[in-house]
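The sequence shown runs 4 to 118 under this note's numbering.
Even glycine gets a Cβ: it sits at the ideal position worked out from N, Cα and C.
Owing to the predicted nature of the structure, the values given are computational and were not obtained by experimental measurement.
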Amino acid sequence: QVKLVESGGGLVQPGGSLRLSCTTSGLIFSTYRMGWYRQAPGNQRELVAHITSGGTENYADSVKGRFTISRDNAKNTVYLQMNSLKPEDTTVYYCNSALGSYSYWGRGTQVTVSS
């Protein structure tokens, strides 16, 4: 059974930082492309960043220069370092693992940026 468990969300002031983690089990982590997505109420889920099995990173324009995705294959964990957070970054963040036709999702972690 594949599981993805996100952690690290919370409340932070504008300009602050958070680091999200997603720990997986039940899959060969190193072979999967790992990604972070976010979805605000009433909106479609959108890509924030993803990192391939080879370590290539890709970012949404809205987070370039502020967010950094990384992975630790030994820990089966992907991270999202979020700096210079803005109120518009407030939403639920979801972890995704993808390989071919296989795609798995975590349950999400809430990030709230507010003063």
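- Same chain only: Cβ atoms within 7 Å of G111, ignoring 5 sequence neighbours per side: E9, V95, Y96, Y97.
- Message: Rounding to the nearest angstrom, what Cα-Cα distance links L21 and F70 in this structure?
- Response: 10 Å
- Item | Nearest-angstrom Cα separation, counted from G58 out to T24 | The sequence shown places Ser at residue 24, rather than the Thr named in the question. Counting only the Cα atoms, G58 lies some 17 Å from S24.
- Residues sharing a beta bridge with F70, DSSP: In the DSSP assignment, the residues bridged to F70 are M85.
- Query: Exposed or buried, Y88, counting other C-beta atoms within 10 Å across all chains shown (16 or more means buried)?
  - Reply: With the sequence shown as reference, residue 88 is identified as Leu, and Tyr is not the correct amino acid for it. With 16 or more other Cβ atoms within 10 Å, it is buried.
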